[in-house]
Each structure stands twice: as structure tokens, then as C-alpha cells.
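Asks: Take this structure, written in C-alpha cells, and hold onto it; I'll ask about it next.
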Amino acid sequence: MKINVTYYAMFREQAGCGGEVVDGGNGDAVDLFESLKATHGLSMARAEVRLAVNDAFVDWSTPLHEGDSVVFIPPVAGG
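In the working numbering, each residue's number is its place in the sequence shown (first place is 1) plus 180.
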């Protein structure tokens, strides 16, 4: 299953791209995040990251489906 992943902030820098289409495996967001974390060296723990699917914040237990748009959002600091 293909999932559209968009990266922002530090994840964009660490991944070296603004987004990509990836294999969503079994449709588990936790597994997808851990896979991308290992592939790209994403530096944040899952507990510190918000998950959005198809433009809505969702729980990590939300199943992913073919063609979903996923964003893993790291904390944002302002100044």
C-alpha cells in the first residue's frame, strides 16, 4: 500500500526531502514512523511527535489506507 508522507521542520532536514511516497506495510502508523525513523535517522521519539492523516490530527492507533497523506509533526518552537 502506498502512503504519501510529508516532512516539516527538522524532519525535512533529516530526511533530505519534503516528502515521499512510501510502502505503508500493514497500515500501522507506529510501524511506518519507526521504519522512516530508521531509514532517515529521524531524531525524535514517537511520544514527542503528533500524527496527522488526511489533514486531521489522529491517534497513533488510527489505521492507514492506500493513498493516505501522512504528516509526522515534530514540536515547534517560536521566538
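Think of the CB as a built atom: it goes at the ideal place given N, C-alpha and C, for glycine as much as any other residue.
For VAL250 and chain D, any beta-carbon pair shorter than 8 Å?
Replies: The structure shown contains no chain D; it is built from a single protein chain.
Asks: Could you check which residue in GLU228, VAL238 and ASP235 has the C-alpha nearest to that of MET190?
Replies: Selected option, being the one with the closest Cα: GLU228.
Asks: Short check: CB of THR242 to CB of ALA218, under 8 Å?
Replies: Contact flag unset, no.
Asks: Going by the CB atoms, is the gap between LEU212 and ILE183 shorter than 8 Å?
Replies: Yes, the pair counts as a contact, with Cβ atoms nearer than the cut-off.
Asks: Leaving aside the five residues before and after ALA232 along the sequence, list all residues of the same chain whose C-beta is less than 6 Å from its C-beta, in chain order.
Replies: Hits under 6 Å: VAL251.
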